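Using the numbering used here, read the sequence shown as starting at 20 and increasing by one per residue. Written below as structure tokens is the structure these notes are about.
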Amino acid sequence: MAPAVVRISAETIRARKGGVPIVCLTAYTYPVARLLDDHVDLLLVGDSVAMVLHGHKTTLGASLEMMIAHGQAVMRGSAKACVVVDMPVDSYETSVAQAVASARRIVEETGCQGVKLEGGVDVAGQIAAIVASGIPVMGHIGLQPQSVEKEGGYKIKGRTPENVAALIRDADAVEKAGAFSLVIEGTVETVAADLTRRIAIPTIGIGASSDCDGQILVIDDMIGLTVDRVPKFVKEYADLRSVVADAAARYAAEVRSRTFPGPGHVFSAKTGKDNA
Ligand code: KIV
């Protein structure tokens, strides 16, 4: 009998500070979660789903219901990875009570291992309260996509002394509030490396530094399926745009020439010979 698969907990991720780099990817669907589960330590059901799968211009298009539905799909498709679900905009900023209620809903309805929310000093109260309620929290500082409209674009962080000081305050606040790990996005490399050395919880970089304790990318970016602009920090490990376009072109040609369906794809009148 195959040994039972033990799911990686948030506590296990925390314990990997300074060790073998923590491999993280986003996932939003059942089949992709199944394909990634053997290869990663952590799957993030990011609010980037609003852009990647739903076609919104920013992550502000994500809702709690959307995050829960995709969280459930990813949990059905994974057995080993630590699954973290993003708290979407307007689900935690208003009050500590709102944040705890939203986090509880996400965990109860998906069964995920933790939640992630954006912000530092400004959301430290929310992080502390969610952690106190027994739910592990991953922080997210640096470039925060939920603030992109407020900030007038995707701005790299850590380029002025004032901003570096603010990042240090944010990282310290998230750690002190009890988060088990911290995403650092779109931040000057040396600053991200310094923050990694400074705090005792693992940092997960995206557009940050290879010195971070782990790395994350958006899955569709990483496999070359993103049809719009791909950020500079992305490395495409496959070119699924071409694979999909080529398959669609060959299918279209075969349908138009009546080559598909062929003899192997249709049913004979004889019963019991074949099943769908
Ligand atoms: O929503 C998301 O995909 C994220 C990652 C890019 C860290 O927050």
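Ideal Cβ positions, reconstructed from N, Cα and C, are used throughout, including at glycine. These numbers were taken from a predicted model, which means no experiment stands behind them.
Taking P164 as reference, the option from V285, L61, S287 and I225 with the minimal CA-CA separation is I225. Non-local beta-carbon contacts of C101 in its own chain, meaning distances under 8 Å to residues more than five positions away in sequence, involve R26, I27, S28, A29, T31, I32, D60, L61, L62, Q132 and G133 in chain order.
The shortest CA-to-CA distance from Y47 to any of A23, I41, G96 and V39 is the one to G96. For L259, the CB contacts under 7 Å within the same chain, skipping 5 residues up- and downstream, are I242, G243 and L244 in chain order. Taking the Cβ atoms as the reference, I235 lies roughly 18 Å from V207, outside the contact range of under 8 Å. Set against 7 Å, the gap from the CB of S67 to the closest heavy atom of the ligand KIV is smaller. Straight through space, the alpha carbons of K254 and H73 are spaced by roughly 23 Å.
The residue among V140, T179 and V104 with its C-alpha nearest the C-alpha of R123 is V104. Each of D265, A227, A264 and P50 was checked against the Cα of Q91, and the nearest Cα belongs to P50. Spatial neighbours of V42 in its own chain (CB-CB distance under 6 Å, excluding positions within 5 residues in sequence) are listed in chain order as V59 and D60. Bridge pairing for E204: G161 and I225 [DSSP]. Of I238, I203, V249 and I220, the smallest CA-CA separation from S229 is found for I203. Secondary structure of I32 (DSSP, three-state): helix. Within the same chain, I242 and G243 come within 6 Å of A257 by CB-CB distance, once the 5 residues on both sides are set aside. G171 is classed as exposed because its beta carbon has fewer than 16 other beta carbons within 10 Å across all chains shown. Residue state for V249 is assigned as coil, using DSSP reduced to three classes.
Rounded to whole angstroms, the Cβ separation of V210 and V183 is 6 Å, and the two are in contact under 8 Å. Note on the stretch 138 to 200: whole beta strand (DSSP E) runs with a minimum of 3 residues are 156 to 161, in chain order.
For G233, the enclosing beta strand (DSSP E) covers residues G233 to L236. In the DSSP assignment, no residue is bridged to G80.
Excluding its 5 nearest sequence neighbours in each direction, P40 has C-beta neighbours in its own chain below 7 Å: D232, G233 and Q234, listed in chain order. Spatial neighbours of S82 in its own chain (CB-CB distance under 7 Å, excluding positions within 5 residues in sequence) are listed in chain order as P107. Contact between V126 and I154 holds: CB atoms are separated by about 5 Å, below the 8 Å threshold. Distance from the CA of A88 to the CA of K289, rounded to the nearest whole angstrom, comes to 42 Å. In the three-state DSSP reduction, D105 falls in the strand class (E or B).
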